[in-house]
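First up is the structure itself, then whatever we jot down about it.
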Amino acid sequence: MDREQEENQFLGLFGIYKESNKIITSCSKTFSQIALTLILPLSFIFLIHIDVSNILFRKIMINTEEIIDTPQGTPQYQKLSDIISSEWTTFLLFKLVYFTFLLIFSLLSTSAVVYTIASIYTARDVSFKTVMSVVPQ
(Lines of atoms letter the chains of each structure in order from A and count residues from 1; the text may use other names and numbers.)
(Lines give C-alpha, C1' and ligand atoms only; values in the text may rest on other atoms or scores of the structure.)
Protein backbone atom coordinates (compact mmCIF):
# COMPACT_ATOMS: atom_id res chain seq x y z
CA MET A 1 0.00 0.00 0.00
CA ASP A 2 2.80 2.46 0.80
CA ARG A 3 4.37 1.93 -2.59
CA GLU A 4 1.06 2.51 -4.35
CA GLN A 5 0.57 5.75 -2.47
CA GLU A 6 3.97 6.97 -3.59
CA GLU A 7 3.23 5.95 -7.18
CA ASN A 8 -0.19 7.61 -7.12
CA GLN A 9 1.37 10.79 -5.82
CA PHE A 10 2.96 11.57 -9.18
CA LEU A 11 0.08 10.70 -11.48
CA GLY A 12 -0.88 13.32 -14.03
CA LEU A 13 -4.35 14.14 -15.28
CA PHE A 14 -4.56 11.15 -17.59
CA GLY A 15 -2.99 8.88 -14.97
CA ILE A 16 -5.69 9.84 -12.49
CA TYR A 17 -8.36 9.17 -15.11
CA LYS A 18 -6.80 5.79 -15.94
CA GLU A 19 -6.53 4.78 -12.27
CA SER A 20 -10.11 5.83 -11.46
CA ASN A 21 -11.38 3.96 -14.51
CA LYS A 22 -9.48 0.86 -13.36
CA ILE A 23 -11.04 1.11 -9.89
CA ILE A 24 -14.57 1.57 -11.21
CA THR A 25 -14.33 -1.30 -13.69
CA SER A 26 -12.90 -3.65 -11.05
CA CYS A 27 -16.12 -3.34 -8.99
CA SER A 28 -18.58 -2.09 -11.56
CA LYS A 29 -21.54 -3.95 -10.05
CA THR A 30 -21.03 -2.38 -6.62
CA PHE A 31 -20.52 1.10 -8.06
CA SER A 32 -23.62 0.70 -10.25
CA GLN A 33 -25.71 -0.26 -7.23
CA ILE A 34 -24.36 2.69 -5.25
CA ALA A 35 -25.18 5.00 -8.14
CA LEU A 36 -28.73 3.64 -8.45
CA THR A 37 -29.55 3.71 -4.74
CA LEU A 38 -27.79 6.88 -3.58
CA ILE A 39 -26.52 9.09 -6.39
CA LEU A 40 -29.55 8.83 -8.70
CA PRO A 41 -32.02 9.82 -5.94
CA LEU A 42 -29.67 12.69 -5.06
CA SER A 43 -29.86 13.87 -8.67
CA PHE A 44 -33.65 13.62 -8.68
CA ILE A 45 -33.88 15.52 -5.41
CA PHE A 46 -31.77 18.29 -6.90
CA LEU A 47 -33.81 18.50 -10.11
CA ILE A 48 -37.15 18.42 -8.28
CA HIS A 49 -35.87 21.12 -5.93
CA ILE A 50 -35.23 23.47 -8.86
CA ASP A 51 -38.73 23.06 -10.31
CA VAL A 52 -40.63 23.21 -7.03
CA SER A 53 -38.62 26.23 -5.83
CA ASN A 54 -39.36 28.07 -9.07
CA ILE A 55 -43.08 27.32 -8.79
CA LEU A 56 -43.31 28.38 -5.15
CA PHE A 57 -41.23 31.51 -5.64
CA ARG A 58 -43.21 32.51 -8.74
CA LYS A 59 -46.42 32.34 -6.68
CA ILE A 60 -44.83 34.55 -4.03
CA MET A 61 -43.71 37.09 -6.62
CA ILE A 62 -47.12 37.21 -8.32
CA ASN A 63 -48.91 37.82 -5.01
CA THR A 64 -46.28 40.38 -3.98
CA GLU A 65 -46.86 42.32 -7.21
CA GLU A 66 -50.60 42.11 -6.62
CA ILE A 67 -50.36 43.36 -3.03
CA ILE A 68 -48.44 46.43 -4.21
CA ASP A 69 -51.46 47.54 -6.25
CA THR A 70 -53.94 46.81 -3.43
CA PRO A 71 -54.76 49.62 -0.96
CA GLN A 72 -53.63 48.96 2.60
CA GLY A 73 -56.23 48.24 5.24
CA THR A 74 -58.66 46.54 2.88
CA PRO A 75 -59.79 42.93 3.35
CA GLN A 76 -58.17 42.06 0.00
CA TYR A 77 -54.81 43.41 1.26
CA GLN A 78 -55.07 41.39 4.48
CA LYS A 79 -55.97 38.25 2.53
CA LEU A 80 -53.00 38.70 0.18
CA SER A 81 -50.72 39.39 3.14
CA ASP A 82 -51.82 36.14 4.80
CA ILE A 83 -51.35 34.22 1.53
CA ILE A 84 -47.83 35.62 1.07
CA SER A 85 -46.91 34.72 4.65
CA SER A 86 -48.24 31.21 4.14
CA GLU A 87 -46.35 30.85 0.85
CA TRP A 88 -43.08 32.02 2.43
CA THR A 89 -43.57 29.51 5.24
CA THR A 90 -44.17 26.74 2.69
CA PHE A 91 -41.13 27.84 0.69
CA LEU A 92 -38.85 27.87 3.73
CA LEU A 93 -40.12 24.51 5.00
CA PHE A 94 -39.54 23.03 1.55
CA LYS A 95 -35.98 24.40 1.57
CA LEU A 96 -35.41 22.89 5.02
CA VAL A 97 -36.63 19.46 3.89
CA TYR A 98 -34.58 19.75 0.69
CA PHE A 99 -31.36 20.60 2.51
CA THR A 100 -31.95 17.78 4.99
CA PHE A 101 -32.35 15.19 2.22
CA LEU A 102 -29.48 16.72 0.27
CA LEU A 103 -27.19 16.45 3.28
CA ILE A 104 -28.22 12.88 4.07
CA PHE A 105 -27.86 11.57 0.52
CA SER A 106 -24.64 13.51 -0.09
CA LEU A 107 -22.99 12.12 3.02
CA LEU A 108 -24.23 8.59 2.38
CA SER A 109 -23.16 8.52 -1.27
CA THR A 110 -19.76 10.06 -0.54
CA SER A 111 -19.05 7.70 2.32
CA ALA A 112 -20.23 4.68 0.28
CA VAL A 113 -17.87 5.51 -2.57
CA VAL A 114 -14.96 6.27 -0.22
CA TYR A 115 -15.50 3.03 1.72
CA THR A 116 -15.70 1.03 -1.51
CA ILE A 117 -12.47 2.52 -2.86
CA ALA A 118 -10.71 2.03 0.48
CA SER A 119 -11.83 -1.61 0.51
CA ILE A 120 -10.51 -2.10 -3.02
CA TYR A 121 -7.13 -0.58 -2.11
CA THR A 122 -6.83 -2.76 0.99
CA ALA A 123 -7.80 -5.86 -1.05
CA ARG A 124 -10.89 -6.58 1.04
CA ASP A 125 -13.93 -8.22 -0.46
CA VAL A 126 -16.47 -5.53 -1.13
CA SER A 127 -20.12 -6.01 -1.96
CA PHE A 128 -23.05 -3.65 -2.02
CA LYS A 129 -24.53 -5.32 1.05
CA THR A 130 -21.28 -4.79 2.97
CA VAL A 131 -21.06 -1.16 1.92
CA MET A 132 -24.65 -0.43 2.89
CA SER A 133 -24.24 -2.09 6.27
CA VAL A 134 -21.13 -0.05 7.10
CA VAL A 135 -22.02 3.34 5.61
CA PRO A 136 -24.92 4.45 7.87
CA GLN A 137 -22.78 3.86 10.93
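Quick note: the sequence shown uses our numbering, first residue 203, plus one each step.
Glycine is no exception: its CB is placed at the ideal position from the N, C-alpha and C atoms.
The model shown is predicted, which means the values in this text are computed figures rather than measured ones.
(message) residue 235 and residue 330 - do their beta-carbons sit closer together than 8 Å?
(response) Counting from one through the sequence shown, the residue named residue 330 turns up at place 128. Counting from one through the sequence shown, the residue named residue 235 turns up at place 33. Against a cut-off of 8 Å, the Cβ pair of residue 235 and residue 330 comes out as a contact.
(message) Check this for me: beta carbons of residue 247 and residue 304, under 8 Å apart or not?
(response) In the sequence shown, residue 247 corresponds to position 45, counting from 1. In the sequence shown, residue 304 corresponds to position 102, counting from 1. Going by C-beta atoms, residue 247 is nearer than 8 Å to residue 304.
(request) Give the straight-line distance between the Cα atoms of residue 299 and residue 256, rounded to the nearest whole angstrom. (result) The count along the sequence shown starts at 1 and reaches residue 299 at position 97. The count along the sequence shown starts at 1 and reaches residue 256 at position 54. Rounded to whole angstroms, residue 299 to residue 256 spans 16 Å at the Cα level.
(message) Quick check: residue 262 and residue 282, are their CB atoms within less than 8 Å of each other?
(response) Along the sequence shown, one-based indexing puts residue 262 at 60. Along the sequence shown, one-based indexing puts residue 282 at 80. No, Cβ-Cβ distance for residue 262 and residue 282 is not below 8 Å.
(message) Which of the three DSSP states is assigned to residue 213 in this structure?
(response) Mapped onto the sequence shown, residue 213 falls at position 11. Coil, per DSSP.
(request) Tell me where the alpha helix (DSSP H) around residue 322 begins and ends. (result) Position 120 of the sequence shown, counting from 1, holds the residue named residue 322. Run containing residue 322: 277–323, per the alpha helix (DSSP H) assignment.
(message) Rounding to the nearest angstrom, what Cα-Cα distance links residue 290 and residue 254 in this structure?
(response) For this step, residue 290 is matched to residue 88 along the sequence shown. For this step, residue 254 is matched to residue 52 along the sequence shown. When rounded, the distance between both Cα atoms is 13 Å.
(message) Output needed for residue 252: all residues of its chain with C-beta closer than 7 Å, excluding positions within five of it in sequence on either side, in chain order.
(response) Reading the sequence shown from its first residue, position 50 is the one you call residue 252. Cβ within range, chain order: n/a, list empty.
(message) Output needed for residue 240: all residues of its chain with C-beta closer than 7 Å, excluding positions within five of it in sequence on either side, in chain order.
(response) Locating residue 240 in the sequence shown gives position 38, counting from the first residue. 307, 310, 311, 314, listed in sequence order.
(request) Specify the secondary structure class of residue 327 as computed by DSSP and reduced to three states. (result) Stepping through the sequence shown from its first residue, residue 327 is reached at position 125. Here residue 327 sits in coil by DSSP.
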